[in-house]
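Below: the structure, in structure tokens.
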Ligand code: SF4
Ligand code: SF4
Ligand code: FES
Ligand code: FES
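Residue numbers (the working numbering), protein chains in the order written: chain G, 1 to 772; chain C, 1001 to 1207.
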């Protein structure tokens, strides 16, 4: 992967008679690109190391020894260099290469997804000879073969440019595809029975310069010339990758990555790329629903539903005060949505609100000195006190991987399980559950670590590494780190789409006991009259599943503003208001850095769905408050006044949390400690309602150290019973040597019994394991 | 057995230790695997991937580039009959037919008893001795159809066991480098002086 933003000295070269200022060290093709002189190419990609594989970029270059044909993607600029991209010799060479590349190409453009946006097609027109002298039979291969559930490979179309294979190795670090055989038989291939199941496989489809790689979710859905597109931002996680939303006939058909130098460098993860399918999923809510019987939700009108909602809230305010109303959620919406709901809560005096579902960190993390992704990727040291970024924030993982592999960044990782970055870490330290902060303190005392931390800028990436352990351990660790390195900055690894924007816009607990846990605990006690869920599904997301259940059951009334019919809505909502989802609404979103970027509506909303902000504004007016805004642009302007300007970092003013002190939890009578965390494909609604990636949700299971398995007398795939004082489940077991003995890891949201049933919200979760 | 046997696993670790980076041992380990099983099995490639820290796809990609690695069951004797120009003019086709007849297989096939694999090969750089062939890369020059039949009979009868070891064998005596003569695994970046095996220059000699 290549960082193209480095600022370097310039070198003067001449291109087609014009003097051009090139950056020292860059390749001729990069310089001519910036100068607007186009050289045809297939293998060159500005974000990957050049290989000179296709030879299409041959131009005449004169470095003082007379003009010579050279591949412009492999020749660095030099002072006084003279380049001719239009000479007769250049033209003949480029025509010759195209004729060769087409010698074996099937030219099945009419049935090829790439037709219409194909570099081979386009450059055959612009730089090809027009006719071929080859009459021989072309090479034949079985038409597309699945190299993964998401990607198909048509080897006949492949021009062997090495883009996909380089991407897999160099960028993703998953070299699961490779050239095999040689000469005329060379082909891209996986190892037998080992599919290209990279979290980043979709990028190869986007960068393949021909239709050799196609994405199963998009195949034969549209022709490029039928597609309309707008730029937007992925909100599947909070990295905030820039995307282009493509639609045809009012349906979203694909997302493509857009190169943003600060964030995603053009890449997307497969979850972000392919969950567009959820926009048109069957489980979308199209009309307001009200509960008419315990197991029955019936459609009603917006006016009816809003009147009921307003009545419920005003009755609650009148009878039991603002304490009895709570708002949970907001992290799936835009900044505007969050602002409107926070303003509504302010207007009616509701303090109980939280955009997180007890699965992140206290909002105070946003009050610490903040780092950008670029800061992290150029720091001398990155300290990870975070979940596996490859699973939760995949593109941040790519950026940090690049920093560690190709830059000078050293990673110090604290993790109970290890992660995708472990093999690139300078130090990877297993933190025993319940002793994270003690382990961090002990590591800081290591003189080598201290010297490393003193050697240059330090960025701490902080997130909830274990959902079965209290967030205090992470907060205390971060505080210990910032105390040891006062200049360190923090990049919060909070996962859900716009969680940072929602917290900053005001959907954060006003007091310590107003967070999601406290709200649901209060609800379970019968203290909450009206619980409003703004795109939140505690039943599916709260680590303590039992509390979620008791809270929702205990709340007198539950109002759910929901894009997809969630478990919480289906089971507990009295009123369900249909919400617009991403690609159906415009506004801004905020990523982990605090970077504000735009999201853009591309398709008409499903049914009568409305954006969250609109519901808040109307509800406010029904309750007798004027929020003073009547369009999303009004809110965007208000937010801009508060520093949330698209394209820049929103500093905001979240107070840093109180110092946290934690002890080390002594084990109880149970013998194992639980780590719960997320994997890329989990039960999240956008994943579950996108058929292509929903199929990739794993079977689930519990991982433990092979020696612990031996002691228990079980082998891989045996079933074991896990129990805590909360509950008991049965899971298949698999060995994992990365774990410490005594620690077990279970991914949540998989197709297994729900491990959240084991969690009670204590400092740690001790469990007992028996064979069944 | 498809994965390395215990002795070869020890050898594999020895080979890996010779290089500053484990990945450099990839091709020597492919040879070792081919020596053990007569060809490179899928399981062996997986094991090599684990041993040197790459993906199995990278092992296959690297290995399949080289003609002399075989990825399918291969006979104890691999007979490559040259079919390129000089040999073709001097009767290579007859050699191939003779071999096909006496083995009962077509070029590309392996006999059911697993003794012979027959191939038509490209120029073997012995054009002056055309037509020629190789058995496990041991030459037979200026061959005749009768000579091919005789060769096959002799191989079958085990008469050539001394000269021609089974396919995949690199050497019958494995070289062991005593540690005092070994350069050791030095990372190229760490090399300062000349390599240990270059004789020390006599001081004061020449200028
Ligand atoms: S599949 Fe596409 S990207 Fe990969 S080598 Fe072939 S042409 Fe290039
Ligand atoms: S890393 Fe996050 S923001 Fe980027 S594409 Fe994936 S889900 Fe979307
Ligand atoms: S673009 Fe330069 S060789 Fe392919
Ligand atoms: S043609 Fe047969 S060895 Fe050269």
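Think of the CB as a built atom: it goes at the ideal place given N, C-alpha and C, for glycine as much as any other residue.
Excluding the 5 residues preceding and the 5 following residue 368(G) in the sequence, name in chain order all residues of the same chain whose CB lies nearer than 6 Å to its CB. 490 and 656
Neighbourhood of residue 165(G) by C-beta distance below 8 Å, restricted to the same chain and skipping five residues each side: 175, 177, 178, 179 and 188
Cβ distance (whole Å) where residue 237(G) is taken to contact residue 465(G) below 8 Å: Not a contact, Cβ separation roughly 16 Å.
Residue 1080(C) vs residue 1040(C) beta-carbon contact at 9 Å: Not a contact, by the Cβ cut-off of 9 Å.
Residue 390(G) lies in the alpha helix (DSSP H); which residues open and close that run? 389-392
Thinking residue 563(G) and residue 594(G) are a contact (beta carbons under 8 Å), I'd like their distance in whole angstroms, please. The pair is not a contact, with the Cβ atoms about 25 Å apart (cut-off 8 Å).
Opposing strand residues paired with residue 745(G) [DSSP bridges]: Paired residue(s): 675(G) and 703(G).
CA-to-CA distance, residue 104(G) to residue 157(G), given in whole angstroms: 8 Å
Just by C-beta distance, which residues in the stretch 1062-1091 of chain C are closer than 7 Å to chain G? Residues passing the 7 Å Cβ filter: 1064 and 1065.
Could you confirm whether any beta carbon from chain G is found closer than 9 Å to the beta carbon of residue 1055(C)? So, interface residue.
What does the Cβ neighbour count give for residue 480(G), buried or exposed, with the cut at 16 atoms within 10 Å? Around the beta carbon of residue 480(G), 16 or more other beta carbons lie within 10 angstroms, which makes this residue buried.
Residue span of the beta strand (DSSP E) that contains residue 584(G), given as start and end: Neither: residue 584(G) is in no beta strand (DSSP E) and is coded neither H nor E.
Pick helix, strand or coil for residue 317(G), following the three-state DSSP scheme. Helix, per DSSP.
In chain C, which residues lie less than 8 Å from residue 175(G) when you measure between Cβ atoms? 1054, 1055, 1057 and 1058
Going by Cα to Cα distance, which pick from 162(G), 269(G) and 89(G) is closest to residue 150(G)? 269(G)
Just grab the DSSP bridge partners of residue 1039(C) for me. Answer by DSSP bridge pairing: none, since residue 1039(C) is not bridged.
Taking 8 Å as the cut-off, does the CB of residue 73(G) come closer than this to any heavy atom belonging to ligand 3? Yes; taking the cut-off as 8 Å, the Cβ of residue 73(G) has a heavy atom of ligand 3 nearer than that.
Taking residue 226(G) as the reference, give the member of 117(G), 455(G), 163(G) and 146(G) with the closest Cα. Answer by Cα proximity: 117(G).
Bridge partner(s) assigned by DSSP for residue 1108(C): Answer is none; residue 1108(C) lacks a bridge partner.
Can you say whether residue 29(G) is buried or exposed, counting buried as having 16 or more other CB atoms within 10 angstroms of its CB? buried
Bridge partners of residue 1082(C), per DSSP? 1121(C)
With a threshold of 8 Å, establish whether the CB of residue 51(G) neighbours any heavy atom of ligand 3. yes
Does the structure place the stretch 253-267 of chain G close enough to the stretch 626-635 of chain G that three or more beta carbon pairs sit under 8 Å? no
Nearest-angstrom Cβ-Cβ length linking residue 615(G) and residue 561(G), presumed shorter than 8 Å: 6 Å
Nearest chain G C-beta to residue 1042(C) closer than 9 Å, yes or no? yes
Within its chain, find whatever has a CB closer than 6 Å to the CB of residue 11(G); leave out the 5 residues flanking it on each side and keep chain order. 22, 24, 77 and 79
Span of the beta strand (DSSP E) around residue 770(G): 766-771
Roughly how far, in whole angstroms, is the beta-carbon of residue 684(G) from the beta-carbon of residue 749(G), given that I think they are within contact range, below 8 Å? Confirmed, Cβ separation roughly 7 Å.
Cα-Cα separation between residue 1025(C) and residue 1052(C), rounded to whole angstroms: Looking at the two C-alpha atoms, the distance is approximately 7 Å.
Shortest alpha-carbon distance to residue 459(G) belongs to which of 566(G), 411(G) and 436(G)? 411(G)
I want to know whether the stretch 450-459 of chain G touches the stretch 467-479 of chain G - three or more CB-CB distances under 8 Å. no
Identify whether residue 544(G) lies in helix, strand or coil by the three-state DSSP scheme. coil
What's the call for residue 1231(C), buried or exposed, on a 16-neighbour Cβ count within 10 Å? Since the first and last residues shown for chain C are 1001 and 1207, residue 1231(C) lies out of range.
Rounded C-alpha distance that separates residue 99(G) from residue 229(G): 33 Å
Tell me whether residue 165(G) counts as near ligand 1, meaning its Cβ is closer than 8 Å to at least one heavy atom of that ligand. yes
Which residues in the same chain have their Cβ closer than 7 Å to the Cβ of residue 1129(C), if we skip the five residues on either side of it in sequence? Excluding residues within five positions, the ones whose Cβ falls inside 7 Å are 1141 and 1142.
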